[in-house]
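**Student:** Top line first, the protein sequences correspond to chains A and B.
Adding 25 to a residue's 1-based position in the first sequence gives its number in my numbering.
Adding 30 to a residue's 1-based position in the second sequence gives its number in my numbering.
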Amino acid sequence: MSGLFHLLLALLCAPLLLGVVNRTKALFAGRAGAPLLQPYFDLLKLLQKGAVYSRTTSWVFRAGPLVSLASTAAALTLLPLGGLPALLAFPGDLVLFAGLLGLGRFFTMAAALDTGSAFEGMGASREAWYSVLAEPALLLALAAMAKRSGQLSLSGLYAGLSLETLLAPGGPALLLAAAALALVFLAENSRIPFDDPNTHLELTMVHEVMALDHGGPDLAFIQYGAALKFWALGTLLTGILLPLREASPSLDALAGLCGLLLLAVAVGVVESVIARLRLTKVSDLLASATALAVLALMLARRAP
Amino acid sequence: MSFWVDALIVLVVLTNLRVLGASRLSACIRAVAVQGALLGLLPVLAHLDALTGRLLLQAAASTLLKAVVFPWLLARAVREASIQLEVEPFVGYTASLTAGLLFWGGAFWLGQRLPVPGAEELRLLVPTALFTIFVGLFLIVARRKALTQVLGYLVLENGIYTFGMAFAEKQPLLVELGILLDVFMGVFVMGITLYHISREFDHLDADRLSELRD
Chain A
26 MSGLFHLLLA LLCAPLLLGV VNRTKALFAG RAGAPLLQPY FDLLKLLQKG
76 AVYSRTTSWV FRAGPLVSLA STAAALTLLP LGGLPALLAF PGDLVLFAGL
126 LGLGRFFTMA AALDTGSAFE GMGASREAWY SVLAEPALLL ALAAMAKRSG
176 QLSLSGLYAG LSLETLLAPG GPALLLAAAA LALVFLAENS RIPFDDPNTH
226 LELTMVHEVM ALDHGGPDLA FIQYGAALKF WALGTLLTGI LLPLREASPS
276 LDALAGLCGL LLLAVAVGVV ESVIARLRLT KVSDLLASAT ALAVLALMLA
326 RRAP
Chain B
31 MSFWVDALIV LVVLTNLRVL GASRLSACIR AVAVQGALLG LLPVLAHLDA
81 LTGRLLLQAA ASTLLKAVVF PWLLARAVRE ASIQLEVEPF VGYTASLTAG
131 LLFWGGAFWL GQRLPVPGAE ELRLLVPTAL FTIFVGLFLI VARRKALTQV
181 LGYLVLENGI YTFGMAFAEK QPLLVELGIL LDVFMGVFVM GITLYHISRE
231 FDHLDADRLS ELRD
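1. Using 8 Å for Cβ pairs, my map puts B:Ala67 next to A:Pro197. What's the rounded Cβ distance?
2. If you drop the 5 nearest sequence neighbours on each side, which residues of the same chain put their C-beta closer than 8 Å to that of A:Trp256?
3. State the DSSP-derived secondary structure class of B:Glu116, mapped to helix, strand or coil.
4. In the DSSP assignment, what are the bridge partners of B:Lys175?
5. For the alpha helix (DSSP H) that B:Thr128 lies in, which residues bound it at each end?
6. Pull out every residue of the segment 48–64 of chain B whose Cβ sits closer than 8 Å to any Cβ of chain A, in chain order.
7. Can you give me the C-alpha to C-alpha distance between A:Ala123 and A:Cys283, rounded to a whole angstrom?
8. Taking only three categories from DSSP, how would you classify A:Pro329?
9. Using a Cβ-Cβ distance under 8 Å, would B:Val43 count as near chain A?
10. Whose C-alpha, out of A:Lys254, A:Gly281, A:Leu311, is nearest the C-alpha of A:Ser96?
11. Spell out the partners DSSP gives B:Arg13 in its beta bridges.
12. Would B:Val40 count as contacting chain A if we go by Cβ distances under 8 Å?
13. Out of B:Leu75, B:Val108, B:Pro73, point me to the one whose CA is closest to B:Ala176's CA.
14. Quickly, what does DSSP pair A:Leu109 with across the bridge? List them, please.
15. Since A:Arg44 and A:Ala51 should fall inside the 8 Å C-beta cutoff, what is the C-beta to C-beta distance between them, to a whole number of angstroms?
16. List the DSSP bridge partners of B:Arg54.
17. On the three-state DSSP scale, how would you describe B:His226?
18. With DSSP collapsed to three states, give me the class of A:Thr81.
19. Alpha carbon to alpha carbon, what distance is there between B:Ala137 and B:Val185?
20. Give the residues of chain A in contact with B:Ala37, contact being defined as C-beta atoms less than 9 Å apart.
21. If we ignore side chains and look at the alpha-carbon of each, how far apart do A:Leu191 and A:Thr81 end up?
22. Rounded to whole angstroms, what is the Cα-Cα separation between B:Thr128 and A:Ala204?
23. Measuring CB atoms only, is the segment 210–224 of chain A touching the segment 48–61 of chain B, in the sense that at least three cross pairs come out at less than 8 Å?
24. Could you tell me whether the segment 63–74 of chain A touches the segment 243–250 of chain A, using the rule of 3 or more Cβ pairs below 8 Å?
25. Residues of chain B with a CB under 9 Å from the CB of A:Leu165: which are they?
26. DSSP state of A:Gln176, grouped into three classes?
27. Measuring only between beta-carbons, confirm whether A:Ser313 sits less than 8 Å from chain B.
28. In whole angstroms, what separates the C-alpha of A:Leu186 from that of A:Gly240?
29. B:Gln88 and B:Glu206 - do their beta-carbons sit closer together than 8 Å?
30. Contact criterion: CB-CB distance below 8 Å. Does B:Thr124 meet it with respect to chain A?
31. Compute the Euclidean distance between the alpha carbons of A:Met235 and A:Gly89, then round it to the nearest angstrom.
32. If you run the structure through DSSP and keep just helix, strand and coil, what is A:Leu310?
33. Note down, in chain order, each residue of its chain lying with its Cβ closer than 6 Å to the Cβ of A:Pro329, except the 5 sequence neighbours on either side.
34. So is B:Met215 buried or exposed if we call it buried at 16+ other beta carbons inside 10 Å?
35. By Cβ distance, which residues of its chain are closer than 7 Å to A:Leu322, with the 5 residues on each side in sequence left out?
36. Which residues of chain B have a Cβ atom closer than 8 Å to the Cβ of A:Val319, listed in chain order?
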């Protein structure tokens, strides 16, 4: 029952996180910024519009936003939030989680290629390249945590965590895994330093360029899917760094939500203070994320 | 307590990876300096319950040399010889990082077969020491500049120092201070040599020194 509660909370509050990121960036830039609920208004506006489809596109183009939103939402059912257990938990569901994210990304890229636009093809190629580098880091970091806890389900991985385990001898391994996950989180959500979500130049876009030909409800699905992905990968990170366990589900949910809001503020700060990386440097940074994850895995292997 | 020791050791490993992945000389020098400071702190934290003046003196001396004096000497050498700021590797940065992970795996494997008596709580110490030694050797081989080879030599010495940490209480003070003095002289002389090489040849590429004939 409380698993369903997390899912509803995520579906309801995920766009709020993007609003918090944008507000933080606005405050850093000295602007008042858009209302915190602006992402919701955008989604409502887009849902009321009609969609226009080019004659060169096929069903793949229309399936892209739907499948990516559906797979991200399905991935959320496997995720625990703080002390709230996931809706579904079974050994090995962490591979399904990575697979669902991969499926969503595959359809986004296929839809981008389906338009036949050169820019979108370029965006798809870059997205594929990022994910090839980010996925090993994600899986190895999760494997490190699985090794540490001896569990193979995401709920099992996060169930045993607390502030004490973080400061116990096995703690550094967890922190390394968290660092790797943080880099993966930024890369997968197309955030600075990997990608600039505000760029207006097709040549420099990575993720945004793949959504250029989508409009109306399709664009709403894509934006909503992005918010859900932010939530999904964010819970992986805050689950390690803020392992607060309260007795009641409502307090747990509140703690988890506060963690995610803090993460959104942190993302806003990061985006305000550092610049985007040169494209050739991205692979170096993601390779170091993989290195951190491997290190975490080896340390977890050794921990008693 | 053990958390902080573990965290320090992990940070030492991370500085090693940083040296392997850094493309700027100044970043490399800084990473080696941080490594020196961490290694100076490590014996103090590891033997916090049985601190002796000897241990503190040793830690202070090694921190001063490795975290302040050596980086300063090397940075001065970079400035005086106006060396290009890129590292110019034979092996690329990502490939170096991958090699580093392989070294870490090898060091782990070896470390499990080399149990050091009396160092049960420092279970990560031997793998880290071996890893640091491997990284030092790799830096000497895989980088073009003479300065990076000095850095590799320093990292190598850090590895040996880490290895000796397990016996920090039993090791004679004189031996440790003697080693530090040797390293200091080594880096000092190398700094001067670097300056002369770059004056003589207008570059610091160790592999091009074979052009030297009479």
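Cβ coordinates follow ideal geometry from the N, Cα and C atoms, glycine included.
**Tutor:** Result, derived from the coordinates:
1. Contact doesn't hold; Cβ gap of about 18 Å is too wide.
2. Ala35, Cys38, Ala39, Leu42, Leu101, Leu285
3. In the structure shown, B:Glu116 sits in a strand (DSSP, three-state: E or B).
4. B:Asp235
5. 123–143
6. Per Cβ criterion, the list reads Gly51.
7. 25 Å
8. The predicted position of A:Pro329 is uncertain, since its pLDDT is 49 and thus under 50; no value can be drawn from it.
9. yes
10. Nearest of A:Lys254, A:Gly281, A:Leu311 to A:Ser96, Cα basis: A:Lys254.
11. This structure gives no information on residue 13 of chain B, because the portion of chain B shown stretches from 31 to 244.
12. yes
13. Out of B:Leu75, B:Val108, B:Pro73, B:Val108 has the C-alpha closest to the C-alpha of B:Ala176.
14. A:Leu106
15. It should be pointed out that residue 44 of chain A corresponds to Gly in this sequence rather than to Arg. Not really, about 10 Å apart at Cβ, beyond 8 Å.
16. B:Glu116
17. The answer is helix: DSSP assigns B:His226 an H, G or I state.
18. coil
19. 15 Å
20. Gly196, Pro197, Leu200
21. 54 Å
22. 18 Å
23. no
24. Taking a cut-off of 8 Å on C-beta distances, the segment 63–74 of chain A touches the segment 243–250 of chain A, as three or more cross pairs fall below it.
25. Under the 9 Å cutoff, chain B gives no residues; its nearest Cβ is about 11 Å from A:Leu165.
26. coil
27. A:Ser313 counts as touching chain B.
28. 42 Å
29. yes
30. Put simply, the CB of B:Thr124 is near chain A, with a gap under 8 Å to one of its CB atoms.
31. 10 Å
32. In the structure shown, A:Leu310 sits in a helix (DSSP, three-state: H, G or I).
33. Below a pLDDT of 50, predicted positions are generally treated as unreliable, and A:Pro329, at 49, falls in that range; no measurement from the model is reported.
34. exposed
35. Leu165, Ala168, Ala169, Lys172
36. What A:Val319 touches in chain B: Leu131, Trp134.
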